[in-house]
Each structure stands twice: as structure tokens, then as C-alpha cells.
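Numbering (my numbering), first residue to last: 46 to 608.
Every residue gets a Cβ at the ideal spot worked out from N, C-alpha and C, and that includes glycine.
One structure is given below, encoded as C-alpha cells.
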RNA sequence: GCCCCCGUAGCUCAACGGACAGAGCAGCGGCCUUCUAAGCCGUUGGUUGUGGGUUCGAAUCCCGCCGGGGGCGCCA
């Protein structure tokens, strides 16, 4: 709120200065209202002068001075003074009363605090997880789910209309699916006592046996005979369906819900794949070579052309995926976000090339690549799951350390950094564990409010309570962090960086714990007690909102287990 | 060989191209007759891998090199 106001003033000052002939420039550069690290540089600072210096052909400090002169003469009720300083910063010093106004603002906004209108109703599609229906979700998928879902929540908070979509890789010609079905079928036959051996490239996890067992329970021996191809097709359907259901369950328990489950096969059934190939051909970006149909992706910066239809007539995965993304563009989103694992990074160039070839703006498609996740138990790497064989499932880790801790840990690091998760640490109920640190702050607030209620302390009215008494260093520091929530959301959205929010949550918690230790709420004199109760309430709202965006619960109590 | 990510305090990591590079953990020293000590306060710790370049200003952008991880299929 205040940042926006300051930005408008600074911008207006620049325009006024130009109109008065005091400053020359062609275009107004995009500038920042930042929070100086050092409080001696004020509460907020604008860097416009430095960006304008070259165009204005003056040194930045002079430009800052000129801008300062063209700022509104009447000082705002919040602004104490403005200084041109350093290399050419414009530093804003706010009146002490500003802090109280922030608290009032947050309380008036209530649970709406942190809702922005950056998106102005623009539509965003976030496609994430999109795991193959040939196995349970893995630790890696969990990161995808946590990042994607929180990103979606952030975009919603920023005022976008968001849709979450899961692309089901259920193409009937997929070799993976076929192998998977064959593996299940083999296990099924083994259950029936037949000497069946697993195919090459089989799926060896225990869960394959589970599915076979389920089929046996449900359908008995009815697949023991019959046309092998028909039986296999049937197994494909059942196994796929079952995996999908399990994935959906895992995701729901991980607090991730999708608006749409988009089937790859539906693109074939509807003729969309065919139509897409024809469109590419018509535009001159698909050509025949050695019996295959190729996408001329090199025309748009890819390192080589890619096969769309194999020499045997079968379309590749790429063909369907291009059709899928074409479908997204045709649905008219302003922005489309894909979240892919690091092992798919080589795929980015060709997908963007394909969109360009179809005449779409590739910049509307953001493809986010997240790096690998490693699991540790203390210092010991965990490599395999009991149930899945070669990988660790989301379900196992979620069950062991809980959804709150896992989601928080997934979002603790930037998605383009490899992530190590230590199960022991995540379960530890101690100061080492950042999740508890944040949740504990929330629980402490609730505890104050409970005690206040028990003692019959009236709930102060934000409209009439004097908040100018909040001048203690710990109070002001806390309030400043609370005031940052809208900017934190804006930044996280701007950079597609949901992990910034965990850092913010930790900052707010830290500021609160410090306040808690230094400032008594309930035993303060009545006027101060009222103001501090409102500050406490504003902190609770801000923390709860932040945790909600992270998909982490905000507990009202946390009792330490007896040692 | 080519492509992507990473390299910052002993460890794990932050830092929209901005002012003196910050947290947590570990280490050291303090704080509970009080609203939850799962907490707080203080303190130690840095040539941002390396060499150039762009810029008023570089951990951040560009180029080279070194090291770690991942990927380079008519698989998905």
C-alpha cells in the first residue's frame, strides 16, 4: 500500500520535473521502492534517480535532489521527510504513527490482508505433477506438487484467476503403459500359480503386486483365459485407473487439488493431435524425412529437429504434448506455467519452438524446472522405498514427517537448487526445525488471546484504540515485517518463486518471538495492553495467511511432548 | 562434445542489478516466581570457486576456466 503510494509520487515528481524543464529523459525506467537494510537510510528508498542519470546526463545524486524538490510539498500524514542520499537514493523517513496505521490497516483487511489485484482477473493455467500413471508419486513429484500448488495459491492471492491442471500421460500407444500393464499381468498370473516371468523393462516395485492382488480380489480368475491382447488392454485400463486414483488420493492428502485432469488419450480421440500436425505442416514447420514426420524446431532455436510421427506411423509423446499445449493456448490463458523435473529440461526448447511454429507467443508459457530432491536420515542417504523399489514415494515421506513439515521443507529452497531433506530433522521438535518455529509463533499468539479471554480482558476496537503507543523497537520491527506481506506476494509471483514465502514466514515468526520476549502484552498498562493485543491479532492474521499460502496449518496450540 | 542447475561463514542456504553480503544450525557466554524456554539476547565466523568484461554500482548480467549434480531416444 505505502510502497505503491511512494512509487506514484516519485513517478509524478519525475514527470513534473521534466515538464518544468528541470530534467530530461525519454522514457521513465522501471524503478523500485525498496527497504534499505540499514535503518539509517530511512524506511523506504527509491532508486529512480540512478536509473535516470544517464538519460538526464547528470550525476545520480543531482537527479535525486531534483526529484526530491518535485515531490509533493505537503508532507503526507505518514511521511516525515525525504532525503537524497548515497549514490542517488531517495530515502523516505516515515512518521512513528505509520506503524500503528499498518496494524489498523491489517485488522480492517482481516483475512483479506495480502489480497492484491495485480492479476486484474487475468487467467493463469498451472500444469504440474503430471506423473505417469505407472507408479506411485515420488519424492520428486512431491516437490513439484508443493511448488506448483503454492505458486497457484500465490497467483490467486495476487488477483489472478487460476486453474490447476494435471496432464495424464495415458496415451494408449505408450510403451511405458504397456510395460506396466504387462508387469501387472505377469504378477497376476503368478498369483494364479502360473510360471510367468517378468518382461524386459518391467516394473518391479511391490505396488505392482498390490495392483495384481486387487485385480485378483475384484475379478477373480476371469483373466486367466481369453485373447491375450484383449486381456492386456483391459489390464492397461484397470492398472492405469488404479494408479491414478492412488495419485489423486496422495495429492489430496498433501492438500493439493486439481481443477482438471487432462487425458493425453483424449487428444487422440478428439483428433486434436492430427489437427495439430496438420497445422504444423500447413505452416511449413513439419516435414517428412526417412519415413518420419519432423518438427522443424531448429527454426526457433532448438539444437536439432524433433520427430513427431515415427516411421512406423505412431505419433511420439511430443506430438501429443504439442497438441496439448496448443489446446491450452486455444483456451485463451494469459499465462501458462508448466512445472517440470530437471530431467526434462532438454525438452523446453522444443516445446517453445513448437508453440512459436504454431504462431503462438512462447513467452506466455513459463516452464519452470525444479532440481532433484535427496532424502537423508541424518547423514545417511535414503535411496529406495519398500513399496516402490527404485524410488521413494511421496506417501512414505508424508506419512513419516507429516504434511506440514514436508510442504514447508519443499518450499524452503529455490526450485532451481537441489534439495536435501533430512527426515530426522523434519521430525525433530526443536529449534532446528523451521516449521515448528513458525507454527509455534502462531500458537503463542493464540495462547495470549486465550489467556486474555480467561482474564476477561475486553477485545479492543481497532477503530478507536490509540495505536501510536506502539513505539518499542521490537514492536516497530514486527510491524514492518507485517507490512511486507503484499510485497512478498507480489515478488514471489513476479519471479515464480514460492520459496520466498517460507523465508518471509520465518522472518515474521522471528520478529514476533522477539517482541514476545521483550514486550509483555497482558500485564502492560491498559492503553498499551490494548494496542499490543491488536498488534498480536494483526500478527496472527498475517502468519495464518502466510501459512495458508504455503498449505501449512496454523495450530492454535502446540504442547511439547513430555520428555 | 553440447545443454540445464548449482558453487556465498565450519554445515545448510538467503539476498527484485543497489548502500556495510544476511539467516538458521554448529561453537562460545547469558536469560524461565510472568502471556507456552519448540523461545529470547549477546558473540565468533567471508578475497561470494577463479580470471576478465558491461555498469554510477555486480554474489546477481556477459565471456573463459575449475569443481559438483542432472540431461542429451523415432522412450514418456
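Quick check on this structure: which residue in the options has the alpha carbon closest to the alpha carbon of residue i?
i, options, result
"residue 207", "304, 300, 126, 295", "304"
"residue 204", "282, 213, 169, 337", "169"
"residue 541", "415, 231, 498", "415"
"residue 183", "580, 130, 428", "428"
"residue 369", "313, 516, 269, 557", "313"
"residue 586", "65, 131, 54, 152", "152"
"residue 195", "462, 454, 392", "454"
"residue 519", "323, 584, 533", "584"
"residue 80", "138, 441, 53, 437", "138"
"residue 405", "278, 534, 376", "376"
"residue 279", "254, 294, 260", "260"
"residue 329", "342, 318, 317", "342"
Might you give, ordered along the chain, the residues of its own chain that have their beta carbon closer than 7 Å to the beta carbon of residue i, omitting 5 neighbours on each side?
i, result
"residue 71", "100"
What residue range is occupied by the uninterrupted beta strand (DSSP E) comprising residue i?
i, result
"residue 601", "Taken as a continuous stretch (DSSP letters only), residue 601 belongs to no beta strand (DSSP E), as it is neither H nor E."
"residue 332", "331 to 334"
"residue 54", "Not the beta strand (DSSP E): residue 54 falls in the alpha helix (DSSP H), residues 47 to 64."
"residue 351", "351 to 354"
"residue 146", "Taken as a continuous stretch (DSSP letters only), residue 146 belongs to no beta strand (DSSP E), being part of the alpha helix (DSSP H) at 142 to 154."
"residue 466", "464 to 467"
"residue 345", "No beta strand (DSSP E) contains residue 345, which DSSP labels as neither H nor E."
"residue 307", "305 to 308"
Tell me which same chain residues have a C-beta within less than 8 Å of the C-beta of residue i, skipping the five on either side of it?
i, result
"residue 607", "Reliability of the predicted coordinates at residue 607 is poor, the pLDDT of 47 falling under 50, and no value is obtained from them."
"residue 62", "68, 111, 112, 114, 115"
"residue 166", "204, 205, 206"
"residue 201", "207"
"residue 409", "374, 378, 379, 380, 381"
"residue 325", "331, 340, 353, 367, 399, 402, 403"
"residue 515", "144, 145, 148, 521, 524, 576, 577, 580"
"residue 187", "299, 418, 439, 442, 443, 451, 455"
"residue 462", "416"
"residue 64", "none"
Less than 7 Å separating the beta-carbons of residue i and residue j?
i, j, result
"residue 174", "residue 189", "yes"
"residue 211", "residue 123", "no"
"residue 337", "residue 351", "no"
"residue 399", "residue 309", "no"
"residue 237", "residue 543", "no"
"residue 109", "residue 90", "no"
"residue 229", "residue 256", "yes"
"residue 218", "residue 359", "yes"
"residue 133", "residue 105", "yes"
"residue 553", "residue 526", "yes"
"residue 197", "residue 284", "no"
"residue 448", "residue 493", "no"
Within 6 Å: the Cβ of residue i and any heavy atom of the ligand PLP?
i, result
"residue 473", "As far as ligands go, the structure on display features none, and thus does not contain the ligand PLP."
Take residue i and list the residues in its own chain whose beta-carbon comes closer than 6 Å to its own, dropping the five residues that flank it on each side.
i, result
"residue 297", "none"
"residue 601", "491"
"residue 432", "251, 252"
"residue 288", "178"
"residue 507", "149, 152, 579"
"residue 505", "575, 578, 579"
Going by DSSP, which residues form a beta bridge with residue i?
i, result
"residue 386", "415"
"residue 169", "207, 380"
"residue 248", "Answer by DSSP bridge pairing: none, since residue 248 is not bridged."
"residue 187", "Note: residue 187 sits in no beta bridge, so no partner."
"residue 135", "91, 129"
"residue 337", "334"
"residue 68", "The partner list for residue 68 (beta bridge, DSSP) is empty, contrary to what the question assumes."
"residue 79", "90"
"residue 427", "420"
"residue 124", "139"
"residue 97", "Per DSSP, none; premise fails for residue 97."
"residue 212", "307"
Taking residue i as part of the alpha helix (DSSP H), name the residues at either end of that continuous run.
i, result
"residue 273", "273 to 298"
"residue 105", "105 to 115"
"residue 534", "530 to 539"
"residue 594", "571 to 595"
"residue 437", "First-last for residue 437: undefined, no H or E at that position."
"residue 225", "220 to 236"
"residue 568", "Note, residue 568: premise wrong, no alpha helix (DSSP H); not H, not E."
"residue 479", "479 to 499"
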